[in-house]
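By UniProt numbering, the letter at position 495 of the sequence shown is numbered 495, and the numbering carries on one by one without gaps. No residue lacks a Cβ here, since even glycine has one placed at the ideal position from N, Cα and C. For reference, the structure discussed in these notes is given below.
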Amino acid sequence: MTPDFPVERIMQTGLLTCRRDTPLSEAAVRMAEQHGRAMLVMEDGRVLGIWTEHDSLCVDVNDPASLQIPIERVMRQPVGTLHQATTMGEVTQHLDSEGGHHFLVVNDAGEVVGLVGFHDLLASAGYRYLNDLCEALAQRDQALDQSRRHLQLVERVIDASLEGIIITDAETRIEFVNPAFTHMTGYRQEEVVGRTPAMLSSGRHGAAFYRAMWRALQQQSHWRGEIWNRRKDGQLYLELLTITTIRNGQGEVTNYAALFTDITHIRENEEQVRRLAYYDPLTRLPNRRLLEDRLALAIRHARRQHRRLAVIFLDLDHFKQVNDSLGHALGDDLLLKVSRRLRGQLREDDTLARLGGDKFIVLVNELIEIDEATRVARRLIESVSAPFEVGGHLFRVGCSLGISVYPDDGDGVETLVRHADAAMYRAKQEGRNTYRLFRAEMHRQDHRRLALETALRNTAETGEGLAVHYQPLFDRDSGTLQGAEALLRWHPFEFGPVSPGDFIPLAERSGLILPLGERLMQLVAAQLRDWRTAGLTPPPIAINLSARQFWQGDLVDRVKALYREYDLPPGQIGFELTESILLDKHQQAVGTLEALRSLGCRLAIDDFGTGYSSLSYLQELPVTTLKIDRSFIQGLGENRGSAAIVAAVTGLAKELGLRVVAEGVETEAQRQALSRYHVNLIQGFLTGRPVDAATFARDYLSQLKA
């Protein structure tokens with residue numbers, strides 16, 4: 001190949017392209033997967049710039065923010081152009097004079113048809129230049145004047161090259177290396193001349209590897225591949241190596257020319273990107289993408305072998321409460337400990353993946369009978385049920401599992417995962433900390449749940465279908481109205497009334513509890529304003545706060561804004577919280593509670609006696625009320641344990657000056673039994689069911705007109 005050979009014969013085609021806003025992580029993954037050396041940045045058919053393998057080495061893959069930088073910020077621009085008929089000699093002159101590393105190759109119509117760079121020049125015409133150099137050295141007495149120009153040109157190209165170059169004689173003794181070789185290996189030219197490239201051997205490749213290399217050189221006169229070598233300091237590195245055989249006019253081997261690039265960092269970056277793409281960053285477990293790949297492969301294998309496999313969908317019970325109470329750092333620590341326990345219950349060839357949050361999937365391969373999957377499920381439940389020590393506290397979280405089996409419950413990845421999810425949801429409905437095998441009727445329920453979530457998402461955006469019911473609280477002795485609890489109701493048009501026991505957990509799982517909680521506060525505040533405008537005197541209304549609402553950071557500011565917007569007097573709105581919300585971030589909770597108390601808000605701990613918190617915390621919490629859980633009230637007169645708990649709670653509340661509300665009072669006998677304890681207020685079906693705003697005003701507020 002001579003310098004007059006047209007560039008279109010060596011240019012790169014099938015070029016990779018991307019938009020200017022493409023993140024570096026996506027560009028790196030595409031280049032790695034398609035083995036590209038460069039990517040053109042395009043807009044409206046125009047080339048804006050170029051990004052190469054060498055540019056990718058400057059990306060800090062350990063910095064997630066760096067991986068999201070748009071490619072336009074780091075691309076090389078402008079990119080010069082050459083006509084496809086440009087000769088090799090002219091290309092070299094352009095590269096030398098213009099200082100560029102890449103040129104676009106265009107046709108007569110000005111359309112981009114390829115790309116040419118230093119690497120292409122050296123990997124093709126460069127080897128002929130090296131051949132010319134070797135021939136010129138052998139024939140310098142006869143053709144010195146003619147060769148000097150080529151020699152100088154080749155020397156400039158070789159010295160400026162970022163790739164390392166080695167020239168050996170026919171016996172592979174090194175005759176020449178360029179500066180890039182010294183930079184990459186640490187060896188100076190005088191240290192290697194006369195020795196063979198075997199001095200760089202890493203020891204990672206066996207004899208068969210080198211036999212294949214020499215066979216290619218003998219049969220094809222070139223070899224190209226990746227090889228591990230060793231630097232002077234002993235460090236191993238990965239290089240992309242091209243070796244070309246140089247022959248004289250009689251076809252005899254005179255030299256070998258090798259061109260190599262250190263691609264260690266490129267491979268490390270590719271591996272880091274692969275880890276980010278296929279593994280969960282917290283637990284290092286496979287993520288959904290890798291799980292789906294493995295499951296698809298396992299299904300194909302099971303189909304060929306006529307075997308079964310199981311997909312187990314695992315969801316931690318009550319993890320959201322623990323996570324909101326502990327904080328995300330300790331919640332992450334708990335997830336790590338859970339994942340280690342789960343992994344310890346599985347075989348080496350089973351897969352444990354994390355889908356995100358507190359959801360995991362287990363792939364159990366090569367089942368002989370379904371009982372094998374249920375035995376695995378029981379082991380997983382048992383391992384998670386044991387207490388976890390996190391942040392100096394012991395916790396029990398439990399888990400609910402759903403199992404689908406190939407081919408009984410589906411023959412595709414999406415179907416098996418969806419059916420395992422439906423079975424898991426049934427396990428949660430039927431008591432938690434258990435497992436369920438998929439059944440066909442669950443599929444219909446799964447469709448309904450997805451439809452409900454879609455409808456609830458629309459409701460969270462529009463507010464349509466939401467209503468508030470109010471349940472009164474009465475003084476136990478006088479029977480006077482002392483307050484009411486606001487309870488959210490949902491009546492979507494396409495489903496009719498949906499039980500709070502169904503849509504509240506759905507809102508928590510889908511992340512809709514915050515917008516729904518905000519709408520509840522707005523509806524209650526607007527109703528209070530309307531009642532006051534109508535001349536009524538409503539009592540304080542209590543709103544239940546979820547953990548996510550309480551810890552969202554701007555709760556106090558939102559409540560202040562609510563009071564201002566609806567012109568409400570201090571104390572008109574109060575709040576109820578469960579014990580678990582106040583569990584760990586005790587001092588932060590106290591600060592928020594004190595800020596709410598400064599607005600006049602009454603604060604109650606709901607379902608008291610069922611959570612995790614210590615009774616000793618009560619003396620530090622600025623709350624006003626304890627609400628005894630209905631399970632203890634219903635057990636009065638029948639269960640001595642319930643009576644003892646009620647006595648202990650009411651006695652403690654009296655000492656701390658707290659009001660006590662008995663929830664779930666349904667019979668006169670229960671009310672009479674409460675007369676023996678320090679119970680101020682009662683709430684339940686006996687004294688008043690939850691009713692809509694109009695009924696509440698008619699039945700309870702008309703007597704309280706100002």
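How many Å lie between residue i and residue j at the Cα?
i: residue 364; j: residue 304; result: 17 Å
i: residue 553; j: residue 514; result: 12 Å
i: residue 499; j: residue 559; result: 27 Å
i: residue 388; j: residue 618; result: 25 Å
i: residue 654; j: residue 678; result: 7 Å
i: residue 428; j: residue 41; result: 50 Å
i: residue 184; j: residue 265; result: 12 Å
i: residue 257; j: residue 86; result: 25 Å
i: residue 73; j: residue 96; result: 26 Å
i: residue 561; j: residue 314; result: 41 Å
i: residue 310; j: residue 489; result: 39 Å
i: residue 541; j: residue 467; result: 15 Å
i: residue 688; j: residue 528; result: 19 Å
i: residue 225; j: residue 516; result: 59 Å
i: residue 359; j: residue 600; result: 40 Å
i: residue 203; j: residue 328; result: 46 Å
i: residue 538; j: residue 680; result: 19 Å
i: residue 501; j: residue 685; result: 18 Å
i: residue 621; j: residue 594; result: 8 Å
i: residue 459; j: residue 465; result: 7 Å
i: residue 289; j: residue 31; result: 19 Å
i: residue 110; j: residue 33; result: 30 Å
i: residue 228; j: residue 197; result: 12 Å
i: residue 159; j: residue 355; result: 52 Å
i: residue 712; j: residue 77; result: Residue coverage of the chain in this structure runs from 1 to 706, which leaves residue 712 outside it and unanswerable.
i: residue 462; j: residue 379; result: 45 Å
i: residue 22; j: residue 291; result: 26 Å
Counting C-beta neighbours from all protein chains within 10 Å, is the total for residue i 16 or more, i.e. buried, or is it exposed?
i: residue 239; result: buried
i: residue 339; result: buried
i: residue 281; result: exposed
i: residue 210; result: exposed
i: residue 214; result: exposed
i: residue 613; result: Unreliable positioning characterises residue 613 in this predicted model, as indicated by a pLDDT of 46, which lies under 50. A coordinate reading is not provided.
i: residue 107; result: exposed
i: residue 511; result: exposed
i: residue 394; result: exposed
i: residue 534; result: exposed
i: residue 269; result: buried
i: residue 706; result: Only weak support exists for where residue 706 lies, its pLDDT of 48 falling under 50; the value from the coordinates is given anyway. It is exposed - the Cβ of residue 706 has fewer than 16 other Cβ atoms within 10 Å.
i: residue 15; result: buried
i: residue 647; result: exposed
i: residue 2; result: For residue 2, the predicted model reports a pLDDT of 46, less than 50, meaning its position is unreliable and no value from the coordinates is stated.
Under the DSSP definition of a beta bridge, which residues are partnered with residue i?
i: residue 351; result: 363
i: residue 51; result: 39
i: residue 201; result: 229
i: residue 255; result: 169, 246
i: residue 260; result: 164, 241
i: residue 605; result: 577, 626
i: residue 662; result: 628, 682
i: residue 506; result: For residue 506, which the question treats as bridged, DSSP gives no partner whatsoever.
i: residue 544; result: 576
If contacts are defined as beta-carbon pairs under 8 Å, then residue i and residue j qualify, I think. What distance do you get, rounded to the angstrom?
i: residue 692; j: residue 447; result: Contact flag wrong, Cβ pair sits at about 31 Å.
i: residue 449; j: residue 400; result: Residue 449 to residue 400, Cβ: 14 Å. No contact.
i: residue 545; j: residue 575; result: 5 Å
i: residue 362; j: residue 336; result: In fact, because the Cβ distance is near 17 Å, the residues do not count as touching under 8 Å.
i: residue 243; j: residue 223; result: 5 Å
i: residue 61; j: residue 272; result: 4 Å
i: residue 604; j: residue 661; result: 7 Å
i: residue 260; j: residue 241; result: 4 Å
i: residue 7; j: residue 82; result: 6 Å
| request: State whether the stretch 273-286 contacts the stretch 379-389, with contact taken as three or more CB pairs (one from each stretch) at a distance under 8 Å. | output: Look at the beta carbons and you see the stretch 273-286 not touching the stretch 379-389: under three pairs across the two are nearer than 8 Å.
| When the Cβ atoms of the stretch 423-437 are set against those of the stretch 477-490, are three or more pairs found closer than 8 Å? | no
| Segment contact, 8 Å Cβ cut-off, at least three pairs: the stretch 402-415 with the stretch 294-303 | yes
| task | May I ask you to verify whether the stretch 664-673 touches the stretch 694-703, counting CB pairs closer than 8 Å and requiring at least 3? | result | no
| task | Determine, using beta-carbon pairs with one atom in the stretch 31-38 and one in the stretch 50-68, whether at least three such pairs fall under 8 Å. | result | yes
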